[in-house]
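Chains Y and F, in that order, give the protein sequences. Start counting the first sequence at 617; every next residue gets the next number (this note's numbering). Start counting the second sequence at 2; every next residue gets the next number (this note's numbering). Quick notes on the structure that follows.
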Amino acid sequence: MKLLLINKAKCWVTAPVLLIGCLLSLNGNLLAQDSTVAEAPRAPAKVKPVKNTFQSVWLGDNQTVMVPVKGSMEMDIMHRFGTWNNGYQDFWGLFAPSNIRIGLSYVPVKKLNVGFGFTKTTAAVIPQATISSVSGPLWDGNLKYSIITQTKGKYPVSVSYYVNASFNTKKDPNHDIYRYNSDRWSFFHQILIARKVTNKLSLQVAPSLSHHNVVNGYYTKENDSTLKINPSMEFEHFAVAISARYKLTTVTSLMLNYDQPITRHATNNPNPSLSFGIEFNTSSHSFQLFFTNFFYLNPAINNMYNTNNPFGYTDHSTNDPATPEDESTKVKGGRFLIGFNITRLWNY
Amino acid sequence: MKKKVISTGIFVIPALFIFGLTSGFKFSDQKPWPVPDKYKTMKNTVASDAESIAAGKTLWTTHCKSCHGTKGLGDGPKAAQLKTEPGDFSKAETQSQTDGALFYKISEGRDDMPSFKKKIPDQDEIWSIVNYVRTLKK
């Protein structure tokens with residue numbers, strides 16, 4: 617058996633672009649107004665789309681159904697710290713090396729949010745080895761389109777589509793990590809379905825599809841001595857995220873996320889992630905402080921390569937979360953890390 | 002006698018120094034804020050019912066409270082950083098203005114007061130804030 621890389625560079629960029637184009641070409645009358653992009657029908661009795669299903673485009677690690685009002689520019693500053701298992705000496709992960717993402721997004725036309733960002737640490741498939749954390753910068757471009765907005769008597773839920781394409785720009789002159797430039801790409805598609813159940817409680821379900829251009833593989837000998845290539849992981853990974861927001865006051869909320877992997881891979885199956893925390897909002901800011909299992913700050917990487925677990929984890933013999941299973945020990949209880957998101961909004 | 006002069010100086014000089022520092026941070030007087038006639042007579046299109054006042058209170062808490070304070074007294078945590086007096090909304094100076102005038106000032110803003118017409122594009126929501134400001138009257 618010989619390990620090898622399987623490259624499957626598809627034209628995954630065109631699909632989201634075409635989908636967004638189709639959505640934009642739809643007659644606007646067929647679409648409900650965005651929760652935060654309400655027009656100004658003057659008759660007070662008119663039923664309007666619900667507002668503020670969520671108060672930020674982020675809820676911990678997940679996107680929300682929200683698209684800010686047209687002309688809004690948002691800056692995201694996101695951190696994920698080390699895991700809490702080293703206790704006080706590491707101040708429960710706060711003193712550990714952190715992962716950082718800085719992002720910027722803008723709403724050029726109603727219902728459409730366009731953004732990009734860069735992330736410090738990501739994960740990659742190392743040829744003839746296994747998955748490992750690598751430094752970036754990982755650049756990502758993303759789009760979110762609000763398809764419908766919950767409206768009494770019209771739409772029971774709000775629905776948005778989110779797509780993210782990522783490219784790792786790490787220097788690799790000898791191609792030790794990325795044999796081909798196409799191996800640097802990963803893609804993420806997600807349908808966000810949310811309902812503001814009461815003024816305080818909002819729920820969201822978000823199925824997603826992650827695609828990676830490269831996975832490890834191995835040869836096996838067939839009966840006739842021919843070699844067959846087997847992927848050790850699938851190129852596509854399905855997952856579903858369930859999120860909840862409960863408002864304690866007008867500006868303070870509790871938040872909860874659970875991300876469940878669906879696709880089963882031959883090896884290196886990712887773990888689910890649970891996150892819970894608190895959100896504070898002001899006129900132009902959102903502050904989110906929470907515990908989570910996701911470290912990578914990129915949805916495709918998180919969903920495919922998460923090694924932390926909310927219910928029990930593998931104690932690796934090294935600090936590298938990608939240590940092979942046979943060098944590790946299963947430990948009961950979850951392994952979480954502290955995360956925070958800060959967003960700043962400007963209106964133009 | 003010399004002791005008395007020194008002890009007086011110990012209190013007076015720091016007092017003058019502190020006064021000199023703090024007097025520089027006083028609010029400048031609020032200059033007149035003219036409102037176009039169109040807005041002075043503009044009709045409030047949102048009935049001042051419980052639903053509108055609740056919506057207005059939510060918006061107030063998010064967007065206004067940090068400067069204008071919980072009860073509109075101009076004593077929010079950010080008020081001290083402002084160059085312009087944020088005003089006391091419980092008094093006649095604010096309450097005697099028409100709904101349209103308040104709508105104009107919230108929408109357009111001036112100096113430290115930001116414009117909210119882009120952040121709150123639904124005019125009904127701005128009327129709801131006006132309705133809530135009316136409840137701050139003492």
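The C-beta atom is built at its ideal place from N, Cα and C for all residues, glycine as well.
Determine the chain F residues that contact residue i at a beta-carbon separation under 9 Å, and present them in chain order.
{"i": "ASN897 (chain Y)", "result": "THR63"}
Output, in chain order, the set of chain F residues within a Cβ distance shorter than 7 Å of residue i.
{"i": "ASN963 (chain Y)", "result": "LYS119 and LYS120"}
{"i": "VAL867 (chain Y)", "result": "THR62 and THR63"}
Once the 5 residues before and after residue i are set aside, which same chain residues still bring their CB inside 6 Å of it?
{"i": "GLN96 (chain F)", "result": "LYS138"}
{"i": "THR959 (chain Y)", "result": "SER672, GLU690, ASP692 and SER902"}
{"i": "THR883 (chain Y)", "result": "SER848"}
{"i": "TRP700 (chain Y)", "result": "TRP708, GLY709 and PHE952"}
{"i": "SER688 (chain Y)", "result": "VAL723, LEU961 and ASN963"}
{"i": "GLN806 (chain Y)", "result": "TYR778, ALA822 and SER824"}
{"i": "PHE697 (chain Y)", "result": "GLY709, LEU710, ALA712, SER714, LEU953 and ILE954"}
{"i": "GLY70 (chain F)", "result": "ASP76 and GLY77"}
{"i": "VAL131 (chain F)", "result": "ASP100, LEU103 and PHE104"}
{"i": "LYS118 (chain F)", "result": "SER108"}
Please work out which residues of its chain come closer than 7 Å, Cβ to Cβ, to residue i, disregarding the five sequence neighbours upstream and downstream, and give them in chain order.
{"i": "CYS68 (chain F)", "result": "GLY77, LYS79, ALA80, LEU83 and PRO87"}
{"i": "PHE559 (chain Y)", "result": "Limits of chain Y in this structure are 617 at one end and 964 at the other, which puts residue 559 (chain Y) out of reach."}
{"i": "LYS837 (chain Y)", "result": "LEU843"}
{"i": "LEU675 (chain Y)", "result": "SER859, ARG861, MET871 and ASN873"}
{"i": "TRP34 (chain F)", "result": "LYS106 and ARG111"}
{"i": "THR738 (chain Y)", "result": "VAL750, GLY752, LEU754, ASN784, TYR912, ASN914 and ILE917"}
{"i": "GLU126 (chain F)", "result": "ALA56 and LEU60"}
{"i": "LYS816 (chain Y)", "result": "TYR862 and LYS863"}
{"i": "LYS41 (chain F)", "result": "THR99, GLY101 and ALA102"}
{"i": "ASP155 (chain F)", "result": "Not covered by the structure: residue 155 (chain F). The range shown for chain F is 2 to 139."}
{"i": "TRP128 (chain F)", "result": "ASN45, THR46, VAL47 and PHE104"}
{"i": "LEU905 (chain Y)", "result": "GLY893, ILE894 and PHE956"}
For residue i, write down the residues that DSSP places opposite it in a beta bridge.
{"i": "VAL965 (chain Y)", "result": "The structure shown has nothing for residue 965 (chain Y), since chain Y only spans 617 to 964."}
{"i": "TYR778 (chain Y)", "result": "Y:LYS760 and Y:GLN806"}
{"i": "TYR862 (chain Y)", "result": "Y:LEU817 and Y:LEU870"}
{"i": "HIS828 (chain Y)", "result": "Y:SER802"}
{"i": "ARG960 (chain Y)", "result": "Y:MET691 and Y:HIS901"}
{"i": "MET114 (chain F)", "result": "F:ARG111"}
Under 9 Å Cβ-Cβ, which residues of chain Y neighbour residue i?
{"i": "SER91 (chain F)", "result": "By Cβ distance, chain Y contributes nothing, its closest Cβ being about 21 Å from SER91 (chain F), past 9 Å."}
{"i": "THR95 (chain F)", "result": "The contacting residues do not exist; THR95 (chain F) stays about 20 Å from chain Y at best."}
At a CB-CB cut-off below 8 Å, which residues of chain Y make contact with residue i?
{"i": "THR85 (chain F)", "result": "Residues of chain Y passing the Cβ test: none, with the nearest at roughly 17 Å."}
{"i": "SER67 (chain F)", "result": "THR898 and SER899"}
{"i": "THR59 (chain F)", "result": "THR866"}
Drop a sphere of 10 angstroms on the beta-carbon of residue i, count the other beta-carbons inside from all chains shown, and report buried for 16 or more, exposed for fewer.
{"i": "THR59 (chain F)", "result": "buried"}
{"i": "ASN914 (chain Y)", "result": "buried"}
{"i": "ARG585 (chain Y)", "result": "As displayed, chain Y neither begins before 617 nor continues past 964, which places residue 585 (chain Y) out of reach and without an answer."}
{"i": "GLN744 (chain Y)", "result": "exposed"}
{"i": "ALA93 (chain F)", "result": "exposed"}
{"i": "LEU864 (chain Y)", "result": "exposed"}
{"i": "LYS66 (chain F)", "result": "buried"}
{"i": "SER841 (chain Y)", "result": "exposed"}
{"i": "TYR133 (chain F)", "result": "buried"}
{"i": "ILE121 (chain F)", "result": "buried"}
{"i": "VAL47 (chain F)", "result": "buried"}
{"i": "GLY101 (chain F)", "result": "buried"}
{"i": "PHE28 (chain F)", "result": "Low per-residue confidence applies at PHE28 (chain F): pLDDT is 46, beneath 50, and the placement is therefore not dependable enough to give any value."}
{"i": "GLY950 (chain Y)", "result": "buried"}
{"i": "ALA51 (chain F)", "result": "exposed"}
{"i": "ASN924 (chain Y)", "result": "buried"}
{"i": "PRO926 (chain Y)", "result": "buried"}
{"i": "GLY893 (chain Y)", "result": "buried"}
{"i": "GLY769 (chain Y)", "result": "exposed"}
{"i": "GLY928 (chain Y)", "result": "exposed"}
{"i": "THR814 (chain Y)", "result": "exposed"}
Please list, in chain order, all residues of the same chain as residue i whose beta carbon is under 8 Å from its beta carbon, the five residues on each side excluded.
{"i": "ASP123 (chain F)", "result": "none"}
{"i": "SER116 (chain F)", "result": "SER108, GLU109 and GLY110"}
{"i": "PHE732 (chain Y)", "result": "GLY719, LEU720, SER721, TRP755, ASP756, GLY757 and ASN758"}
{"i": "THR898 (chain Y)", "result": "VAL867"}
* On the three-pair Cβ rule with 8 Å, is the stretch 797 to 812 of chain Y touching the stretch 912 to 922 of chain Y? -> Judged by Cβ distances under 8 Å, the stretch 797 to 812 of chain Y makes contact with the stretch 912 to 922 of chain Y, as three or more pairs qualify.
* **Cβ pair count under 8 Å reaching 3, the stretch 699 to 719 of chain Y against the stretch 674 to 689 of chain Y** => Contact fails between the stretch 699 to 719 of chain Y and the stretch 674 to 689 of chain Y, because fewer than three Cβ pairs, one in each stretch, are under 8 Å apart.
* Select from the stretch 670 to 686 of chain Y all residues with a C-beta closer than 9 Å to any C-beta belonging to chain B, and list them in chain order. => Protein chains in the displayed structure are Y and F, and chain B is not among them.
* Three or more C-beta pairs closer than 8 Å, one from the stretch 724 to 744 of chain Y and one from the stretch 752 to 766 of chain Y: is that the case here? -> The way I'd put it, the stretch 724 to 744 of chain Y does touch the stretch 752 to 766 of chain Y; three or more beta-carbon pairs between them come closer than 8 Å.
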